[in-house]
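Engineer: Mind looking over this structure? Questions follow.
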Amino acid sequence: MTVDNLAQLFNSLGSVTDRGITFLNGSKEENVVSYQTLLKLARIRLGELQAFGMQPGNELIFQLNSDEEFIVTFWACALGGIIPVPITVGGIRSNG
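Structure, rendered in structure tokens:
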């Protein structure tokens, strides 16, 4: 199977329930989310973004503390043709 973009790749993983992404939280606990579940969550997030007026070609700037929320939002952008622009806040600089 050949895929031309991330949206096609993500959609092709929609029926995969026995594989996914493992997220580690601060206490080293694992949370495994299947590709099927990630696709479902990303489609829901895409609907939310579209309800706020996001359209293909728009840029979405986002900063999320949760790795899982980051992946869901990134996938949603890819599915909807929205350009993801993730940012991070810089650390505190010392004066010395």
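Going letter by letter, the sequence shown gives residues 27 to 122 in the working numbering. Backbone N, C-alpha and C fix where the C-beta goes; we use that ideal spot for every residue, glycine too. Keep in mind it's a predicted model, so treat the numbers as computed, not measured.
Say whether the stretch 94-106 touches the stretch 57-69, bearing in mind that this needs 3 or more beta-carbon pairs closer than 8 Å, one atom from each stretch.
Structural biologist: As far as the Cβ criterion goes, the stretch 94-106 touches the stretch 57-69, which means the pair count is three or higher.
Engineer: Output yes if chain B places a C-beta closer than 9 Å to the C-beta of F78; else output no.
Structural biologist: In the structure shown, chain B does not exist; there is a single protein chain.
Engineer: Can you list, in chain order, the stretches of the alpha helix (DSSP H) that have 4 or more residues and sit fully within the stretch 32-120?
Structural biologist: Correct list: 32-38, 61-77 and 93-106.
Engineer: If we ignore side chains and look at the alpha-carbon of each, how far apart do G40 and L65 end up?
Structural biologist: Residue mapping note: residue 40 aligns to position 14 of the sequence shown, counting from 1. Residue mapping note: residue 65 aligns to position 39 of the sequence shown, counting from 1. For G40 and L65, the distance between alpha carbons rounds to 6 Å.
Engineer: Beta-carbon within less than 8 Å of I113's beta-carbon, same chain only, minus the 5 sequence neighbours each way: which residues are those?
Structural biologist: The residue given as residue 113 occupies position 87 in the sequence shown. I87, F88 and Q89.
Engineer: G83 and I108 - do their beta-carbons sit closer together than 9 Å?
Structural biologist: Mapped onto the sequence shown, residue 108 falls at position 82. Mapped onto the sequence shown, residue 83 falls at position 57. Yes.
Engineer: Starting from the C-beta of V29, find all residues in its chain whose C-beta is less than 7 Å away, skip the five residues before and the five after it, and write them out in chain order.
Structural biologist: On the sequence shown, residue 29 is found 3 positions in, with the first residue counted as 1. Cβ neighbours of V29 beyond the five flanking positions: L35 and S38.
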